[in-house]
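Colleague: Please find one structure pasted underneath; my questions will follow.
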Amino acid sequence: MRVAFAADHGGAELKAELLRRLAGAGHELVDLGGDGSDPDDDYPDFARRIAHAIRDGKAERGILVCGSGIGASVAASKVRGVRAAVAHDTYSARQGVEHDDMNVLCLGGRVIGPEPALDCARAFLDARFSGAERHRRRLAKILAIEAEER
Ligand code: RB5
């Protein structure tokens, strides 16, 4: 699977660690920046990069890291077709994909340590949308909201 990564200054260190640890796990990892060198960079810029990569089919999934994960998820979910959420536990990271077709995992570099973050990333990447009727019905309702609101 092609997986895009991005982070603001609050998440760059965790992103770098995840990229290191997930290398060789069978995915194509694409680093869309940043490198954490600018303490004034803005998470919506990195959220946009990941979201556009998903929207344009350049990546199937994204992992986006800011300080809390919150701003990143709010910003990325503004792009049509992007379902980004914070998941700092493996149950949510897996179920977010299986039930909700989440395609961007957001993590807080100031909230979660590298080991549980890695577990969450693996749970997210290993999961697939269930395709169950009730999950497709709910996803269709999300897409209807998206279509109506923009
Ligand atoms: C940046 O200081 C911080 O506000 C950002 O990384 C993130 O936590 C926002 O949700």
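Counting in my numbering, the sequence shown runs from 947 upward without gaps.
Glycine residues also receive a C-beta, built at the ideal position from the N, C-alpha and C atoms.
All values derive from a computational prediction rather than experimental measurement.
1. What's the C-alpha gap between A950 and A1021?
2. Leaving out the 5 sequence neighbours to the left and right, which residues in its chain are closer than 8 Å to L1048 when beta-carbon positions are compared?
3. Can you list, in chain order, the residues of its chain whose CB lies under 6 Å from that of E1038, leaving out five sequence neighbours each side?
4. Rounding to the nearest angstrom, what Cα-Cα distance links G982 and G1077 in this structure?
5. Could you name each continuous beta strand (DSSP E) segment of 3 residues or more that falls completely within the segment 1006-1087, going from the start of the chain to the end?
6. Can you list the residues near ligand 1, meaning Cβ strictly closer than 6 Å to any non-hydrogen atom, in the order they appear in the chain?
7. Kindly identify the DSSP beta-bridge partner or partners of R948.
8. Residues bridged to A953 by DSSP?
9. In this structure, how does DSSP classify K961 when only helix, strand and coil are distinguished?
Modeller: Let me spell this out:
1. Here residue 950 refers to the residue found at position 4 when the sequence shown is read from its first residue. Here residue 1021 refers to the residue found at position 75 when the sequence shown is read from its first residue. Taking the straight line joining both Cα atoms gives about 16 Å.
2. Translated into the one-based positions of the sequence shown, residue 1048 becomes position 102. Sequence inspection shows Met at residue 1048; the Leu mentioned does not correspond to that position. So the list reads R1029, A1030, A1031, A1033, G1042 and F1070, once near-sequence residues are dropped.
3. Taking the first residue of the sequence shown as position 1, residue 1038 is located at position 92. What sits at residue 1038 in the sequence shown is Ser, not Glu. Same-chain partners within the cutoff: there are none.
4. Residue numbering aside, residue 982 sits at position 36 when the sequence shown is read from its first letter. Residue numbering aside, residue 1077 sits at position 131 when the sequence shown is read from its first letter. G982 and G1077: Cα-Cα distance of roughly 38 Å.
5. 1007-1012, 1030-1032 and 1050-1054
6. D954, G956, Y989, C1012, G1013, S1014, I1016 and G1017
7. Taking the sequence shown and counting its residues from 1, one reaches residue 948 at position 2. Partner(s): E974.
8. As a working mapping, residue 953 is identified with position 7 in the sequence shown. Looking at the DSSP assignment, A953 forms a beta bridge with V1011.
9. Counting from one through the sequence shown, the residue named residue 961 turns up at place 15. Of the three classes helix, strand and coil, the one that applies to K961 here is helix, per DSSP.
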